[in-house]
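Since the structure comes first, as structure tokens, the remarks are kept for the end.
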Amino acid sequence: MRIFGQTDITRLVGKEHRDRQKLLDQVLNKQGLNNYINTIHNLSQGYFLKWIKSDFVDLYFEINNYTLDLVLKLLLGIDSAS
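Going by the numbering used here, the sequence shown opens with residue 125, and the numbers climb by one from there.
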């Protein structure tokens with residue numbers, strides 16, 4: 125059964141595997157992961173501070189916005205989509 129498709133890195137060989145591994149290494153290195161942690165912390169802190177000031181928080185709406193903001197920031201570098 126193929127969970128990740130034919131381009132799954134565990135199924136690649138040779139140059140294709142090396143190229144994909146280099147790409148992943150750039151994203152998943154220690155400095156990159158530290159940047160992710162800082163980004164997640166800063167975004168979370170901003171949302172929590174906003175929520176603390178509110179009398180009512182629609183968690184469904186807010187978590188959707190938080191998730192969208194997080195994905196856009198980490199993957200595309202876009203700030204505050206919501």
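Just so it is clear, CB atoms sit at the ideal spot from N, CA and C, and this is done for glycine as well.
Looking at residue i: is its Cβ nearer than 8 angstroms to the Cβ of residue j?
i    : j    : result
I164 : L194 : yes
I202 : L196 : yes
Y160 : Y190 : no
Can you give the Cα-Cα distance for residue i and residue j, rounded to whole angstroms?
i    : j    : result
F180 : K154 : 38 angstroms
V137 : L148 : 15 angstroms
R142 : L200 : 24 angstroms
G156 : Q150 : 8 angstroms
Q145 : S168 : 30 angstroms
L152 : K177 : 36 angstroms
L198 : R135 : 26 angstroms
S204 : N158 : 20 angstroms
W175 : L192 : 17 angstroms
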